[in-house]
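Chains as they are written, first to last, in this note's numbering: chain A, 422 to 507; chain B, 422 to 507.
Reviewing the structure listed below.
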């Protein structure tokens, strides 16, 4: 079996350059990087004293929180569908 | 109207201490922090030369990627349900 095709894209996040590698297309990866950049700026605005490392960790925590909540909602929706189909 | 109750929890992520504030309960916030910690360790294992700041940004990117993909799936599922109900 062939390996999934990897996309490599260089993006700027909070004034540093990153090479991101993923199985998604370039547009998707750039959008994801843009969203992280926005969230970092947003948290930075509210907490000007945070160093970049702490700021990035809090951005990751914030995003993970959104992910975990959406995941719960998604699982609930899937259960509802299964119940309807039974 | 009263303000939503805020939870404040202190967690360790990648050997630094963070105070996280959210509307969710303590157990949820600790779990979220634990997931970020795991993801950072995972990326660190694969890229030992990354400094903590870059590592944290890439962890945020990775999590945002998961979020955006799940969001698409979730919207698709909601559309399917709406179509079935019509």
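All residues carry an ideal CB built from backbone N, CA and C; glycine is no exception.
Because the structure is a prediction, the values reported are computed rather than measured.
CA-to-CA distance, residue j to residue i, given in whole angstroms
i, j, result
"residue 450/B", "residue 425/B", "16 angstroms"
"residue 448/A", "residue 507/B", "33 angstroms"
"residue 498/A", "residue 501/B", "11 angstroms"
"residue 505/B", "residue 495/B", "15 angstroms"
"residue 428/A", "residue 486/A", "27 angstroms"
"residue 462/A", "residue 503/B", "36 angstroms"
"residue 466/A", "residue 445/A", "31 angstroms"
"residue 492/B", "residue 437/B", "30 angstroms"
"residue 459/B", "residue 430/A", "25 angstroms"
"residue 482/B", "residue 490/B", "12 angstroms"
Proximity below 8 angstroms, CB of residue i to CB of residue j
i, j, result
"residue 484/A", "residue 435/A", "no"
"residue 488/B", "residue 488/A", "yes"
"residue 432/A", "residue 441/A", "yes"
Residues near residue i by beta carbon distance below 6 angstroms, same chain, minus five either side
i, result
"residue 453/A", "none"
Same chain only: Cβ atoms within 8 angstroms of residue i, ignoring 5 sequence neighbours per side
i, result
"residue 457/B", "434, 480 and 484"
"residue 471/A", "464, 465 and 479"
"residue 476/A", "435, 461, 464, 465 and 468"
| query | Relative to chain B, which residues along the stretch 459-486 of chain A have a C-beta separation below 9 angstroms, given in chain order? | reply | 460, 461, 472, 473, 474, 475, 476, 477, 478, 479, 480, 481, 482, 483, 484, 485 and 486
| Mind listing which residues of the stretch 429-452 of chain B have their C-beta closer than 8 angstroms to chain A's C-betas, in chain order? | 434, 435, 437, 439, 441, 443, 445, 449, 450 and 452
| said: Taking beta-carbon pairs under 9 angstroms, can you tell me which members of the stretch 489-502 of chain A lie near chain B? | reply: 489, 490, 491, 492, 494, 495, 498, 499, 501 and 502
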